[in-house]
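The structure under discussion appears below in the form of structure tokens.
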Amino acid sequence: MNLITQIPIGQYVPGRSFVHQLDSRSKLLFMLLFIGLVFWAEEVDAYLLLVGFTFLSIFLSKISISYLGKSLKPILWIILFTVLIHIFMTKGGDILFAWKWIEIQEEGVRQAILISIRLILLIVMASLLTLTTSPIDLTDGMERLLQPFARLGLPVHELAMMMSIALRFIPTLIEETDKIMKAQISRGADFESGNIVKRGKNMVPLLIPLFVSAIRRAEELALAMEARGYRGGEGRTKLRELQWSSKDIILLVSSIALIISFIVLKGWV
Amino acid sequence: MDVIIKNLSHIYGLGTPFERLALDHIDLTIPSGSYTVIIGQTGSGKSTLIQHFNGLLRPTSGEVRIGEVTITSSKKPSLHSLRRKVGLVFQYPEYQLFEETVEKDIAFGPLNYDLPQELVSNRVREAMNLVGLDYERFKDESPLKLSGGEKRRVALAGVLALQPEILILDEPTAGLDPQGKKEILERLYRLHRKEKWTTILVTHNMEDAAKYADHIIVMRNGSVFLQGSPTEIFIQGEKIQQIGLDLPEITKFILKLNQKVQPPIPTNIFSMEKLVEQLVKRHKAGKR
Numbered sequence: 006m007n008l009i010t011q012i013p014i015g016q017y018v019p020g021r022s023f024v025h026q027l028d029s030r031s032k033l034l035f036m037l038l039f040i041g042l043v044f045w046a047e048e049v050d051a052y053l054l055l056v057g058f059t060f061l062s063i064f065l066s067k068i069s070i071s072y073l074g075k076s077l078k079p080i081l082w083i084i085l086f087t088v089l090i091h092i093f094m095t096k097g098g099d100i101l102f103a104w105k106w107i108e109i110q111e112e113g114v115r116q117a118i119l120i121s122i123r124l125i126l127l128i129v130m131a132s133l134l135t136l137t138t139s140p141i142d143l144t145d146g147m148e149r150l151l152q153p154f155a156r157l158g159l160p161v162h163e164l165a166m167m168m169s170i171a172l173r174f175i176p177t178l179i180e181e182t183d184k185i186m187k188a189q190i191s192r193g194a195d196f197e198s199g200n201i202v203k204r205g206k207n208m209v210p211l212l213i214p215l216f217v218s219a220i221r222r223a224e225e226l227a228l229a230m231e232a233r234g235y236r237g238g239e240g241r242t243k244l245r246e247l248q249w250s251s252k253d254i255i256l257l258v259s260s261i262a263l264i265i266s267f268i269v270l271k272g273w274v
Numbered sequence: 042m043d044v045i046i047k048n049l050s051h052i053y054g055l056g057t058p059f060e061r062l063a064l065d066h067i068d069l070t071i072p073s074g075s076y077t078v079i080i081g082q083t084g085s086g087k088s089t090l091i092q093h094f095n096g097l098l099r100p101t102s103g104e105v106r107i108g109e110v111t112i113t114s115s116k117k118p119s120l121h122s123l124r125r126k127v128g129l130v131f132q133y134p135e136y137q138l139f140e141e142t143v144e145k146d147i148a149f150g151p152l153n154y155d156l157p158q159e160l161v162s163n164r165v166r167e168a169m170n171l172v173g174l175d176y177e178r179f180k181d182e183s184p185l186k187l188s189g190g191e192k193r194r195v196a197l198a199g200v201l202a203l204q205p206e207i208l209i210l211d212e213p214t215a216g217l218d219p220q221g222k223k224e225i226l227e228r229l230y231r232l233h234r235k236e237k238w239t240t241i242l243v244t245h246n247m248e249d250a251a252k253y254a255d256h257i258i259v260m261r262n263g264s265v266f267l268q269g270s271p272t273e274i275f276i277q278g279e280k281i282q283q284i285g286l287d288l289p290e291i292t293k294f295i296l297k298l299n300q301k302v303q304p305p306i307p308t309n310i311f312s313m314e315k316l317v318e319q320l321v322k323r324h325k326a327g328k329r
């Protein structure tokens, strides 16, 4: 048993690729646009366009497809579930298969395929975003994008800070869990067998030390931050300014191209 | 129980972009009853190595044999009983404390092996005695409220209560004051002598290595760089210093002294008492 080898899916992979060098704000905005387009797409052409674009992005990010494929593992069941629901429930078109009360119709198969592609595209793109953007850049970008809402009283900086701290501590907590788990296993603890109640009970030797150390860490971090003069976002300057580069303009242009081709495909022109 | 390692390699995160070779084809034998010290810089693979000794990590390739049990990348023997015989104390073991009272926490290990209640409470008493904690005073305390040094002892007792045949200690004294440090190591050494068990100590401290070890293993970048008795290791001072480790203060002192005296003082002296004895002897012999 070793948790460390199961590196969480979507953890930032440092690199210097085209996608890595894009500004986190433009990546975030593009992600929003992409989600919109994915849900807007209904025609096969539109899907082909989106799939093609996704492959291009993967290629440009220099992240191996097999590694990215692992990010799909956790949602495999959801995809399978939606596929089954659609195949049996969505009616319309010719009947492809009928046996007793089970009937599969053309529209059902079509929907099943399209919906699963939709889900896969969304997950792959979202993983690509977190794989190529360091947590700091990501929260910085969010903070900047949410800045307009600060006027309405939204604690934008605090939210961003909370998020970056949370992201920062995920690997630390995983490491800690691994360590405590190993220590208890060395004392004969068993985390793998027994029924649910027993397993739940067996987690106590893991969870209590984990909470204790998480609280201790939080306290120490708060102290360390205050000791270095942290007092929230007010008047705080940034060490690293986010900057638009020529690469972001390329992304902007391709976004516009995507939107225009969608409009054309939809037959609105 | 001997520990025999053959051609052991371990790779973390195999098949991910985070792949890292932590152990690189290691061959080792740790004989039963020996006091073996593993030294090396941070990241040299010491902790990865010791986690193979009780099956917490499985070899990526190669073989680990502990007594009768053989672990390879494909073989999955039952490790539960092995872990009773191989006690592993991690760095900062106090972070593993979780029970309401000291007594219950120490009993956690033995109870996991379904030992009868009576035997368990005997073992708890013994273990507390071994680490120098007064049973009556501490048994009902919450382990989380103790001082750092006391917590460390409780955690140590939690492993000793299993009465292992091999005791592995990963920097058991890190973060303790010098007094507590010395006391814990002395106690463990006396136990090692008395119970004839195998002790494997991971440390950064050359004094401890020189003082207690029968056998020293120097690790570097996931391989065994040097191994041998303390004398054999520390005679190769330059090599040791090259890889960023230090010699024991006493060895450095003797080497410096040897620049001035003839015949040289042997460098296999690792305690102050022995050195003084040697010097007094020489002094007497030198007097005409």
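Residue numbers (the working numbering), protein chains in the order written: chain A, 6 to 274; chain B, 42 to 329. Here a beta-carbon is modelled for each residue, glycine too, at the ideal position from N, C-alpha and C.
Review point. Do you know whose CA, among B/H245, B/Y230, B/N246 and B/F294, lies nearest B/T239's CA?
Key: Walking along the second sequence from the start, residue 239 of chain B turns up at place 198. Nearest option by C-alpha distance: B/Y230.
Practice item. Write down the C-beta distance between B/G190 and B/L217 rounded to the nearest angstrom, noting that I regard them as a contact closer than 8 Å. Key: Translated into the one-based positions of the second sequence, residue 190 of chain B becomes position 149. Translated into the one-based positions of the second sequence, residue 217 of chain B becomes position 176. Yes, B/G190 and B/L217 are in contact; Cβ-Cβ is about 6 Å, under 8 Å.
Practice item. Output, in chain order, the set of chain B residues within a Cβ distance shorter than 7 Å of A/A188. Key: Indexing the first sequence from 1 puts residue 188 of chain A at position 183. Neighbours of A/A188 on chain B, chain order: F131, P134 and Q137.
Practice item. Output yes if chain B places a C-beta closer than 8 Å to the C-beta of A/L8; else output no. Key: Taking the first residue of the first sequence as position 1, residue 8 of chain A is located at position 3. Here the model assigns A/L8 a pLDDT of 46, short of 50, so the residue's position is not dependable, and the following value carries that caveat. No, A/L8 lies away from the interface with chain B (no Cβ there is under 8 Å from its Cβ).
Check your understanding: Which residues in chain B sit within 8 Å of A/I185, going by Cβ to Cβ distance?
Key -> Your numbering for residue 185 of chain A matches position 180 in the first sequence. Correct list: Y136 and Q137.
Practice item. Return no unless some Cβ of chain A is closer than 8 Å to the Cβ of B/F149. Key: Position 108 of the second sequence holds residue 149 of chain B. Chain A contact via Cβ: present.
Check your understanding: Just reading off the alpha helix (DSSP H) that A/W249 is part of, what are its end residues?
Key -> Locating residue 249 of chain A in the first sequence gives position 244, counting from the first residue. That residue, A/W249, is in no alpha helix (DSSP H); it is neither H nor E in DSSP.
Practice item. Figure out for me which residue from B/K186, B/V165 and B/S188 has the closest Cα to the Cα of B/E177. Key: Taking the second sequence and counting its residues from 1, one reaches residue 177 of chain B at position 136. That would be B/V165, whose Cα lies nearest to the Cα of B/E177.
Practice item. Classify B/K47 as helix, strand or coil using the three-state DSSP reduction. Key: On the second sequence, residue 47 of chain B is found 6 positions in, with the first residue counted as 1. Strand, per DSSP.
Check your understanding: Any Cβ of chain A within less than 8 Å of the Cβ of B/Y176?
Key -> Indexing the second sequence from 1 puts residue 176 of chain B at position 135. It does not: the Cβ of B/Y176 has no partner Cβ on chain A nearer than 8 Å.
Review point. Is it right to say B/G56 is buried, meaning 16 or more other beta carbons lie within 10 angstroms of its own, or is it exposed?
Key: Along the second sequence, read from residue 1 onward, the residue named residue 56 of chain B stands at position 15. So B/G56 ends up on the exposed side.
Review point. From the beta carbon of A/I179, is the nearest beta carbon of chain B less than 8 Å away?
Key: Within the first sequence, the letter at position 174 stands for residue 179 of chain A. Answer no: the Cβ-Cβ gap between A/I179 and chain B never drops below 8 Å.
Review point. For B/H93, does the three-state DSSP call read helix, strand or coil?
Key: Here residue 93 of chain B refers to the residue found at position 52 when the second sequence is read from its first residue. In this structure, B/H93 counts as coil in the three-state DSSP scheme.
Point to revise | Cβ separation of B/I276 and B/L267, assumed to be a contact under 8 Å, to the nearest whole Å | key: Here the question's residue 276 of chain B lines up with position 235 in the second sequence. Here the question's residue 267 of chain B lines up with position 226 in the second sequence. Not really, about 11 Å apart at Cβ, beyond 8 Å.
**Study point:** A/T59 - containing beta strand (DSSP E), residue span
**Key:** The count along the first sequence starts at 1 and reaches residue 59 of chain A at position 54. Counting along the chain, A/T59 falls outside any beta strand (DSSP E), though it belongs to the alpha helix (DSSP H) covering V49 to S66.
**Study point:** Touch test, the region 73-80 of chain A against the region 24-41 of chain A, Cβ-Cβ under 8 Å, three pairs minimum
**Key:** no
**Study point:** Spatial distance of A/N7 from A/E239 (CA atoms)
**Key:** What you label residue 7 of chain A is simply residue 2 of the first sequence in a count that begins at 1. What you label residue 239 of chain A is simply residue 234 of the first sequence in a count that begins at 1. Low confidence applies here, because A/N7 scores a pLDDT of 47, under 50, leaving its location unreliable; read the following figure in that light. Cα to Cα, the separation comes out at about 43 Å.
Point to revise | Residue range of the unbroken beta strand (DSSP E) whose run includes B/Y76 | key: Numbered from its first residue, the second sequence carries residue 76 of chain B at position 35. From DSSP, the beta strand (DSSP E) with B/Y76 extends over Y76 to G81.
Practice item. Can you tell me the Cβ-Cβ gap for B/E104 and B/N48, rounded? I've got them flagged as a contact below 8 Å. Key: Taking the second sequence and counting its residues from 1, one reaches residue 104 of chain B at position 63. Taking the second sequence and counting its residues from 1, one reaches residue 48 of chain B at position 7. The Cβ separation is near 7 Å, so the contact holds.
Practice item. Have a look at A/A46, A/V114, A/L65 and A/P19 and flag the residue whose alpha-carbon is nearest the alpha-carbon of A/F267. Key: Mapped onto the first sequence, residue 267 of chain A falls at position 262. With distances taken between Cα atoms, A/F267 lies closest to A/A46.
Review point. From this set, B/D249, B/V44 and B/I71, which residue's C-alpha is nearest B/A80's C-alpha?
Key: Reading the second sequence from its first residue, position 39 is the one you call residue 80 of chain B. Reading off the sequence shown, one finds Ile at residue 80 of chain B, where the question assumed Ala. For the residues B/D249, B/V44 and B/I71, the minimum Cα distance to B/I80 belongs to B/D249.
Review point. Residues of chain A with CB under 8 Å from B/V200, in chain order?
Key: For the purposes of this step, residue 200 of chain B is taken as residue 159 along the second sequence, with counting starting at 1. The contacting residues are S191 and R192.
Practice item. For the beta strand (DSSP E) holding A/L42, just list the boundary residues, first then last. Key: Sequence index remark: in the first sequence, residue 42 of chain A carries index 37 (1-based). Looking at the DSSP string, A/L42 is not in any beta strand (DSSP E); the run it does join, the alpha helix (DSSP H), is S29 to W45.
Practice item. Have a look at B/L298, B/G269 and B/V259 and flag the residue whose alpha-carbon is nearest the alpha-carbon of B/Q283. Key: Counted from its first residue, the second sequence places residue 283 of chain B at position 242. For the residues B/L298, B/G269 and B/V259, the minimum Cα distance to B/Q283 belongs to B/V259.
Review point. In chain order, what residues of the region 101-125 of chain B put their CB closer than 8 Å to some CB of chain A?
Key: H121, R124 and R125
**Study point:** Contact with chain A by B/L203, beta-carbon distance below 8 Å
**Key:** Residue mapping note: residue 203 of chain B aligns to position 162 of the second sequence, counting from 1. By this cut-off, B/L203 is an interface position.
Check your understanding: Are the Cβ atoms of B/F131 and B/D181 separated by less than 8 Å?
Key -> Taking the first residue of the second sequence as 1, we reach residue 131 of chain B at position 90. Taking the first residue of the second sequence as 1, we reach residue 181 of chain B at position 140. No, these two residues do not count as a Cβ contact at 8 Å.
Review point. Quick one: what does DSSP say A/I9 is sitting in, helix, strand or coil?
Key: For this step, residue 9 of chain A is matched to residue 4 along the first sequence. Since pLDDT at A/I9 reaches only 45, below the 50 mark, its modelled position is unreliable, and the value read off the structure follows with that caveat. Three-state DSSP puts A/I9 in a helix.
Practice item. Go through its chain and collect everything with a Cβ distance to B/V143's Cβ below 7 Å, but skip five positions before and after it. Key: Here residue 143 of chain B refers to the residue found at position 102 when the second sequence is read from its first residue. Closer than 7 Å at Cβ, skipping near neighbours: F179, K180, E182, P184 and V195.
Check your understanding: So, does the CB of A/P210 fall closer than 8 Å to a CB anywhere in chain B?
Key -> Residue mapping note: residue 210 of chain A aligns to position 205 of the first sequence, counting from 1. With 8 Å as the cut-off, A/P210 counts as an interface residue toward chain B.
Check your understanding: Are there 16 or more other CB atoms within 10 angstroms of the CB of A/R173, so buried, or fewer, so exposed?
Key -> In the first sequence, counting from the first residue as 1, residue 173 of chain A sits at position 168. Exposed, by the Cβ-count rule.
Check your understanding: Under 8 Å, do B/R125 and B/L203 count as touching if we go by C-beta distance?
Key -> Position 84 of the second sequence, counting from 1, holds the residue named residue 125 of chain B. Position 162 of the second sequence, counting from 1, holds the residue named residue 203 of chain B. Yes, these two residues count as a Cβ contact at 8 Å.
Practice item. Go through its chain and collect everything with a Cβ distance to B/P118's Cβ below 6 Å, but skip five positions before and after it. Key: On the second sequence, position 77 is the one that residue 118 of chain B refers to. V110, listed in sequence order.
**Study point:** Sequence-distant residues of the same chain with beta carbon closer than 6 Å to A/K96, five excluded per side
**Key:** In the first sequence, the residue the question calls residue 96 of chain A occupies position 91. For A/K96, where only same-chain residues beyond five positions count, the Cβ hits under 6 Å are Q110.
Review point. CA-CA distance, A/T137 and A/P176?
Key: Stepping through the first sequence from its first residue, residue 137 of chain A is reached at position 132. Stepping through the first sequence from its first residue, residue 176 of chain A is reached at position 171. Taking the straight line joining both Cα atoms gives about 17 Å.
Exercise for review: Would you be able to state if there are at least three C-beta pairs under 8 Å between the region 15-29 of chain A and the region 119-139 of chain A?
Suggested key: yes
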